[in-house]
Amino acid sequence: MRNFILIIRRFFNLILFFILEIICFIFMAKARTLQGDDLLSTANMAIGLIYQKKSDLVYYISLDKMNDSLMHENARLRLAVSNIKSLDTLSSYKVSKELYNTDTTVHEVRFANYKYRTARVINNSVNSVNNYVTINIGSKEGVARGMGVISGTGLVGYVVHVSNHFSTVLSIMSKQQLVSARLKDGTYGFTSWDVEKPEVFIMKDMPQEAKIYKNDSIYTTSYSHLFPPDVLIGTVDKVYINKRNGQKQLVLRPATNFRKLMYVYVVENIQMPERKDLEDSTTKAK
Amino acid sequence: MNLYIKNLLRFCIIIALQVLILNNITLYLFTEPAGSLFVPLVYPLFILLLPFETPVWVLLFLGFFMGCSIDAFMTTAGMHAAATLLIAYLRTNVLNALMPHNLNEYAGQQPSIKNMGWMPFLVYSGFLIFVHHITFFMLESWSWVSLLSVLVKILTSFITSMSFILVYILLFTKQSSARA
Chain G
33 MRNFILIIRR FFNLILFFIL EIICFIFMAK ARTLQGDDLL STANMAIGLI YQKKSDLVYY
93 ISLDKMNDSL MHENARLRLA VSNIKSLDTL SSYKVSKELY NTDTTVHEVR FANYKYRTAR
153 VINNSVNSVN NYVTINIGSK EGVARGMGVI SGTGLVGYVV HVSNHFSTVL SIMSKQQLVS
213 ARLKDGTYGF TSWDVEKPEV FIMKDMPQEA KIYKNDSIYT TSYSHLFPPD VLIGTVDKVY
273 INKRNGQKQL VLRPATNFRK LMYVYVVENI QMPERKDLED STTKAK
Chain X
6 MNLYIKNLLR FCIIIALQVL ILNNITLYLF TEPAGSLFVP LVYPLFILLL PFETPVWVLL
66 FLGFFMGCSI DAFMTTAGMH AAATLLIAYL RTNVLNALMP HNLNEYAGQQ PSIKNMGWMP
126 FLVYSGFLIF VHHITFFMLE SWSWVSLLSV LVKILTSFIT SMSFILVYIL LFTKQSSARA
């Protein structure tokens, strides 16, 4: 027993070092699971407050840029509204066709029902392997994990950590963050991002027969549980053919400028729990 | 100034410097297609500048605390803490190897250029910062696939960090009465 205590005293520092290292690795392992770990994230209350103060300062300086981007978005939305004044496919789509001669009721088909919340970006990283955006609304305003986040011009990411007043968003500029995407004609695939080429997204293995030109737009699909459909991801910058399998590889220029991100919309799909339940029950029934 | 207050102040200043200023700087020199290679990390300096006779367990706890704070600011979940712990553990051994006398004889002093001389201080900080960067960037990439680019990133970030650290030391430490 005495020897044991002596050994512990002799190697106390080494033992302490290993214990603390193991705690660090537990943090890392926890952050890699889907549930995540809120303790060491920018959604933390104190950290959020510090970033809020910093962004208050920076915002004052960049107000004119923000005004410009808001004006551009307003103009874009006005154009879109004038084009589809009769139909808002995102919220509801009325089928007024009479099913039977006797049935005169109007059937309303709802694909999805979206709720938008505006948020200010108070911190933003673009340098790391996984990049995060901190926004100034949290669970008190109704934000929850897994909600999609879009900017005025395109896709940003989805919420991963939530505290009372702040949340952390994992941006699509992150390693192994695959986004289900489609071309204008509906051909779909995945976009991915790599830290070695942080300025672009890659879309691999598109079929050779798909007609793809420079500056084609790439949108999200409705297959994803995280992002709303028909949000712009980016535009095609380069197309080259992989000589090994003959498939087309696309290099996309992101629609969102992550370096100048100032305000975002958190998008909640109100019908997502219902859809998830249905899809889960189908996979279980197999 | 009291030793504790001085180090507490330095803790706050270094975190503010790292998180509010340096994290927003993206240096794009020569790396336009390849992206962010020069990532300045100056916060290990807090561990490097603690007084000579600080016991190892205090260093370990302070390193853990510092790393976790930076992790919380950058959402990296323990990677910075793991790297900082390693250099906190190695610090005493490196100092013992570099200093001519036993560390207990330097009571109330902290490592600085005036104290150690230019070369030993550069070796001391350079070695520990290099170890820190290797650990951190390896943990961050977490794969052997992009090993070459990670190695380049380690080297370039190391040079950037060291230049920022030297600037910090020349600016914020008293040059005249360091050997009081």
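In order, the protein sequences belong to chains G and X. Residue numbering for the first sequence follows the working numbering, beginning at 33 and increasing consecutively. Residue numbering for the second sequence follows the working numbering, beginning at 6 and increasing consecutively. C-beta: ideal position from N, C-alpha, C; glycine also.
Quiz prompt | Cβ neighbour criterion (16 or more within 10 Å) applied to X:Val-24 | solution = Position 19 of the second sequence, counted from the start, is the residue given in the question as residue 24 of chain X. By the neighbour-count rule (16 or more Cβ atoms within 10 Å), X:Val-24 is buried.
Exercise. Evaluate X:Cys-17 with the Cβ neighbour count: other Cβ atoms within 10 Å of its Cβ, from every protein chain shown; 16 or more gives buried, anything less gives exposed.
Key: Translated into the one-based positions of the second sequence, residue 17 of chain X becomes position 12. The C-beta of X:Cys-17 has fewer than 16 other C-beta atoms within 10 Å across all chains shown, which makes the residue exposed.
Quiz prompt | Within chain X, the residues that G:Tyr-164 reaches when beta carbons sit closer than 7 Å | solution = For the purposes of this step, residue 164 of chain G is identified with residue 132 of the first sequence, where counting begins at 1. Per Cβ cutoff of 7 Å: Thr-80.
Quiz prompt | Cβ of X:Met-143 within 7 Å of any chain G Cβ | solution = In the second sequence, counting from the first residue as 1, residue 143 of chain X sits at position 138. Not an interface residue.
Quiz item: Can you find at least 3 beta carbon pairs, one from the segment 96 to 115 of chain X and one from the segment 53 to 66 of chain G, that sit closer than 8 Å?
Solution: no
Quiz item: Is G:Thr-223 helix, strand or coil by DSSP?
Solution: Taking the first residue of the first sequence as position 1, residue 223 of chain G is located at position 191. DSSP places G:Thr-223 in strand when its eight states are reduced to three.
Quiz prompt | Check whether G:Val-191 and G:Met-179 have beta carbons under 7 Å apart | solution = Stepping through the first sequence from its first residue, residue 191 of chain G is reached at position 159. Stepping through the first sequence from its first residue, residue 179 of chain G is reached at position 147. Closer than 7 Å, so yes.
Practice problem: In angstroms with no decimal places, state the Cα-to-Cα distance between G:Lys-216 and G:Ser-256. | Solution: Working through the first sequence from its first residue, we reach residue 216 of chain G at position 184. Working through the first sequence from its first residue, we reach residue 256 of chain G at position 224. Each residue's alpha carbon lies about 17 Å from the other.
Exercise. Would you verify that the beta carbon of G:Ile-204 is, or is not, closer than 7 Å to some beta carbon of chain X?
Key: Numbered from its first residue, the first sequence carries residue 204 of chain G at position 172. It does not: the Cβ of G:Ile-204 has no partner Cβ on chain X nearer than 7 Å.
Self-check item: Where G:Ser-90 sits in the DSSP three-state scheme
Solution: Reading the first sequence from its first residue, position 58 is the one you call residue 90 of chain G. For the record, residue 90 of chain G in the displayed sequence is Val; it is not Ser. DSSP places G:Val-90 in helix when its eight states are reduced to three.
Quiz prompt | Sequence-distant residues of the same chain with beta carbon closer than 8 Å to G:Val-158, five excluded per side | solution = Start at 1 with the first residue of the first sequence, and residue 158 of chain G comes out as number 126. Within the same chain, G:Val-158 has close Cβ partners Met-205, Pro-230, Phe-290 and Arg-291.
Exercise. Count the other CB atoms, across all protein chains shown, that sit within 10 Å of the CB of G:Gln-303; report buried if there are 16 or more and exposed otherwise.
Key: Here residue 303 of chain G refers to the residue found at position 271 when the first sequence is read from its first residue. Exposed, by the Cβ-count rule.
Self-check item: Where G:Tyr-245 falls, given that 16 or more other Cβ within 10 Å makes a residue buried
Solution: One-based indexing of the first sequence puts residue 245 of chain G at position 213. That one is exposed.
Quiz prompt | Opening and closing residue of the beta strand (DSSP E) in which G:His-193 lies | solution = Taking the first residue of the first sequence as position 1, residue 193 of chain G is located at position 161. First-last of the beta strand (DSSP E) with G:His-193: 187 to 194.
Practice problem: From the DSSP output, read off the bridge partner residues of G:Lys-229. | Solution: Your numbering for residue 229 of chain G matches position 197 in the first sequence. G:Asp-226.
Quiz item: Does DSSP put G:Ser-118 in a helix, a strand or coil?
Solution: The count along the first sequence starts at 1 and reaches residue 118 of chain G at position 86. Any reading at G:Ser-118 needs caution, since the residue's pLDDT is 48, under 50, leaving its predicted position unreliable; the model's value is listed next. Reduced to three states, the DSSP call for G:Ser-118 is coil.
Quiz item: Helix, strand or coil for X:Ala-77 per DSSP?
Solution: Here residue 77 of chain X corresponds to residue number 72 of the second sequence, with the count starting at 1. Here X:Ala-77 sits in helix by DSSP.
Quiz item: If you drop the 5 nearest sequence neighbours on each side, which residues of the same chain put their C-beta closer than 6 Å to that of X:Cys-271?
Solution: Within the shown structure, residues of chain X are numbered from 6 to 185, placing residue 271 of chain X beyond reach of any answer.
Quiz item: G:Trp-225: buried (16+ other C-beta within 10 angstroms of its C-beta) or exposed?
Solution: Position 193 of the first sequence, counting from 1, holds the residue named residue 225 of chain G. G:Trp-225 should be labelled buried.
Quiz item: What whole-angstrom Cβ distance do X:Ser-166 and X:Ile-134 have, given they're in contact under 8 Å?
Solution: Within the second sequence, the letter at position 161 stands for residue 166 of chain X. Within the second sequence, the letter at position 129 stands for residue 134 of chain X. About 6 Å; that satisfies the 8 Å criterion.
Practice problem: Could you list which residues in chain X have their beta carbon closer than 9 Å to that of G:Ser-160, in chain order? | Solution: Position 128 of the first sequence, counted from the first residue, corresponds to residue 160 of chain G. Near G:Ser-160 (Cβ distances below 9 Å), the residues of chain X are Ser-41, Val-44, Met-79, Thr-80, Thr-81 and Glu-145.
Quiz item: Where DSSP assigns a beta bridge to G:Gly-266, which residues make up the other side?
Solution: The residue given as residue 266 of chain G occupies position 234 in the first sequence. DSSP lists G:Ile-250 and G:Pro-286 as partners of G:Gly-266.
Quiz item: CB-CB under 7 Å to G:Val-194, same chain, minus the five flanking residues each way: which ones, in chain order?
Solution: For this step, residue 194 of chain G is matched to residue 162 along the first sequence. Excluding positions up to five away in sequence, the list reads Ala-75, Gly-170, Ser-171, Val-175, Ala-176 and Arg-177.
Quiz item: Since G:Phe-49 and X:Leu-65 are thought to touch, with beta carbons under 8 Å apart, how far apart are those beta carbons, to the nearest angstrom?
Solution: In the first sequence, counting from the first residue as 1, residue 49 of chain G sits at position 17. In the second sequence, counting from the first residue as 1, residue 65 of chain X sits at position 60. Contact holds; Cβ gap of about 6 Å.
Quiz item: Would you call G:Tyr-92 buried or exposed, if buried means 16 or more other Cβ atoms sit within 10 Å of its Cβ?
Solution: Residue 92 of chain G sits at position 60 when you count from the first residue of the first sequence. Counting Cβ neighbours within 10 Å, G:Tyr-92 comes out exposed, since fewer than 16 surround it.
Quiz item: Going along chain G, which residues have a C-beta under 8 Å from X:Ala-102?
Solution: As a first step, residue 102 of chain X must be located in the second sequence, where it is residue number 97. By Cβ distance, chain G contributes nothing, its closest Cβ being about 17 Å from X:Ala-102, past 8 Å.
Quiz item: By how many angstroms is the C-alpha of G:Asn-106 removed from the C-alpha of G:Pro-286?
Solution: Taking the first residue of the first sequence as 1, we reach residue 286 of chain G at position 254. Taking the first residue of the first sequence as 1, we reach residue 106 of chain G at position 74. Taking the straight line joining both Cα atoms gives about 20 Å.
Quiz item: What is the C-beta distance between G:Asp-237 and G:Gly-221, in whole angstroms, given that I count them as a contact (C-beta under 8 Å)?
Solution: Along the first sequence, one-based indexing puts residue 237 of chain G at 205. Along the first sequence, one-based indexing puts residue 221 of chain G at 189. So it is a contact: roughly 7 Å between Cβ atoms.
Quiz item: Would a check of beta-carbon distances place G:Ile-37 closer than 7 Å to chain X?
Solution: Translated into positions along the first sequence, residue 37 of chain G becomes position 5. So no, G:Ile-37 is outside the interface.
Quiz item: Which same chain residues, not among the five before or five after G:Met-77, have their C-beta less than 8 Å away from its C-beta?
Solution: Residue mapping note: residue 77 of chain G aligns to position 45 of the first sequence, counting from 1. If we look at G:Met-77 and ignore the five residues flanking it on each side, its Cβ neighbours are Ser-195, Asn-196, His-197 and Phe-198.
Exercise. For chain G, find out if any of its Cβ atoms is closer than 7 Å to the Cβ of X:Leu-90; answer yes or no.
Key: Mapped onto the second sequence, residue 90 of chain X falls at position 85. So, interface residue.
Quiz item: If you measure from the beta carbon of X:Phe-135 to each beta carbon in chain G, is any gap under 7 Å?
Solution: The residue given as residue 135 of chain X occupies position 130 in the second sequence. Residue-level contact check: X:Phe-135 does not touch chain G, since none of the beta carbons of chain G fall below 7 Å from its beta carbon.
Quiz item: Going by the beta-carbon positions, is the gap between X:Asn-196 and X:Gln-114 smaller than 7 Å?
Solution: With chain X represented from 6 up to 185, any question about residue 196 of chain X goes unanswered, as that position is not in the structure.
Quiz item: Going straight from the alpha carbon of G:Asn-247 to that of G:Val-271, what length do you get?
Solution: The count along the first sequence starts at 1 and reaches residue 247 of chain G at position 215. The count along the first sequence starts at 1 and reaches residue 271 of chain G at position 239. Each residue's alpha carbon lies about 10 Å from the other.
Self-check item: Residues, ordered as in the chain, of the segment 56 to 70 of chain X that lie near chain G by beta-carbon distance below 7 Å
Solution: Val-61, Trp-62, Leu-65 and Phe-69
Quiz item: Helix or strand or just coil, what does DSSP make of G:Lys-236?
Solution: Here residue 236 of chain G refers to the residue found at position 204 of the first sequence. Residue state, collapsed to three classes: strand.
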